[in-house]
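Residue numbers (our numbering): 1 to 307.
Cβ atoms here follow ideal geometry from the backbone N, Cα and C, with glycine treated the same way.
Encoded structure:
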């Protein structure tokens, strides 16, 4: 991991960088574009103008890694990204996903048939206005389709130059190991935050592989959940007051400190909240603060949406 020179107007630079696939550098604090859509991650946003402003402001703040998916809307998030940012800055990396279909608000169903994944990749290329997708992630492994067929199709798309890197989402260590026998996987995106660390073993696996020279990013979705840790007098509350920050900012600072392979992607539909989240990259927890938060044990909180 490296850190770019600090800049007053680009706080995301303070998060340091990670090289996807060992070669494509991104600031570790990115932006997740799921919340740009309507309620239930369905349809158009209530304020399309603010959605465009959020995306443009994110880039201004130094965010150069934006995560989205074909199922967000569906396709609403991808189209907004193109509207706001195309033609894209040279250093902007856009990651998208396929493998979940939508029948309505909050309805998510895995489909991993090879022909479907190919179709969705082609549509994402069109909606994003790209000739190649830098990081194309399998949103979920479809249990009804052989894993070899799903990863095999992504590998074919990679060979054809339509995607650069392959990632996975919501997988176990065993699934990740199986997938990596079939394709080169450079990232894994699982639910993980200060209050829910059930994917700790997957994070540790990503750390170990990266240390061996097999770059594997860990992208935590739903990263700013704090649960009971933010209660008055709790460990987050005390640290937040010490840093004159919000509990959400401290939760992001903890993630960035937790591991050099961690790429948090907090999402929001408001510019003010985006600016607040991005400032978390400047926060430096003391060893004592980091240990206190790391040692806190709480019941996992269920997310209100799908990453």
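Among 89, 264 and 143, nearest to residue 56 - alpha-carbon criterion: Of the listed residues, the one whose Cα sits closest to residue 56 is 89.
Residue 295: which of 273, 260 and 196 sits nearest, CA to CA? Closest option to residue 295, judged by alpha-carbon separation, among 273, 260 and 196: 196.
Among 192, 50, 92 and 211, the one whose alpha carbon lies nearest that of residue 12: Out of 192, 50, 92 and 211, 92 has the C-alpha closest to the C-alpha of residue 12.
Rounded to a whole number of angstroms, what is the C-alpha to C-alpha distance between residue 8 and residue 96? Taking the straight line joining both Cα atoms gives about 30 Å.
Member of 268, 256, 279 and 266 whose CA lies at the smallest distance from the CA of residue 286: Among 268, 256, 279 and 266, the Cα nearest to that of residue 286 is on 256.
Note down the Cα distance separating residue 105 from residue 173, rounded to an integer number of angstroms. Their Cα atoms are separated by approximately 30 Å.
For residue 191, the nearest candidate out of 230, 10, 232 and 140 (CA to CA): The candidate whose alpha carbon is nearest that of residue 191 is 140.
Cutoff 7 Å; reference residue 289; Cβ partners in own chain excluding five residues on either side: Hits under 7 Å: 239.
8 Å CB neighbourhood of residue 254 in its chain, flanking five on each side removed: The answer, listed in chain order, is 194, 285, 290, 293 and 294.
Measure the C-alpha to C-alpha separation of residue 32 and residue 67 and round it to an integer number of angstroms. If you take the alpha carbons of residue 32 and residue 67, they lie about 5 Å apart.
Residue 136 versus residue 227 - alpha carbon distance: About 31 Å.
Quick one: residues in its chain with C-beta nearer than 6 Å to the C-beta of residue 114, no 5 flanking neighbours on either side, listed in chain order? Excluding residues within five positions, the ones whose Cβ falls inside 6 Å are 149 and 153.
Which partner residues does residue 262 have in the DSSP bridge list? Beta bridge pairing from DSSP links residue 262 with 218.
With distances taken between CB atoms, is the gap from residue 263 to residue 187 smaller than 9 Å? Yes. Within cutoff.
Start and end of the alpha helix (DSSP H) containing residue 290? Start and end: 287 to 295.
Does the distance from the CB of residue 26 to the CB of residue 65 come in under 9 Å? Yes, these two residues count as a Cβ contact at 9 Å.
Who are the Cβ neighbours of residue 74 in its own chain at under 7 Å, not counting the five residues just before and after it? Within the same chain, Cβ atoms closer than 7 Å to the Cβ of residue 74 are found at 102, the five residues on either side in sequence being excluded.
What are the start and end residues of each continuous beta strand (DSSP E) run of 3 or more residues lying completely inside the region 15 to 70, in chain order? Contiguous beta strand (DSSP E) elements confined to the region 15 to 70 occur at 17 to 20, 24 to 27 and 65 to 67, taking only those with 3 or more residues.
Classification of residue 212 by the beta-carbon crowding that lies within 10 angstroms, buried from 16 upward: Looking at its Cβ environment, which holds fewer than 16 other Cβ atoms inside 10 Å, residue 212 is exposed.
Please list the terminal residues of the continuous beta strand (DSSP E) segment that includes residue 161. Unbroken run through residue 161: none, as it is neither H nor E.
Backbone secondary structure at residue 370 - three-state DSSP: A query on residue 370 cannot be resolved here, the shown segment of the chain reaching from 1 to 307 and no further.
Continuous alpha helix (DSSP H) stretch holding residue 277: start and end: Unbroken alpha helix (DSSP H) run through residue 277: 271 to 279.
Would you report the Cα separation of residue 204 and residue 245, rounded to the nearest angstrom? Straight-line Cα distance between these residues: approximately 28 Å.
If we call anything under 9 Å between Cβ atoms a contact, is residue 54 one with residue 271? Yes. Within cutoff.
Would you call residue 162 buried or exposed, if buried means 16 or more other Cβ atoms sit within 10 Å of its Cβ? Around the beta carbon of residue 162, a 10 Å sphere encloses 16 or more other beta carbons of the protein chains shown; the residue is thus reported as buried.
Thinking C-beta only, is residue 51 closer than 9 Å to residue 71? No; because the gap between Cβ atoms is not below 9 Å, this pair is not in contact.
Hey, how far is the Cα of residue 37 from the Cα of residue 178? Those two C-alpha atoms are separated by around 34 Å.
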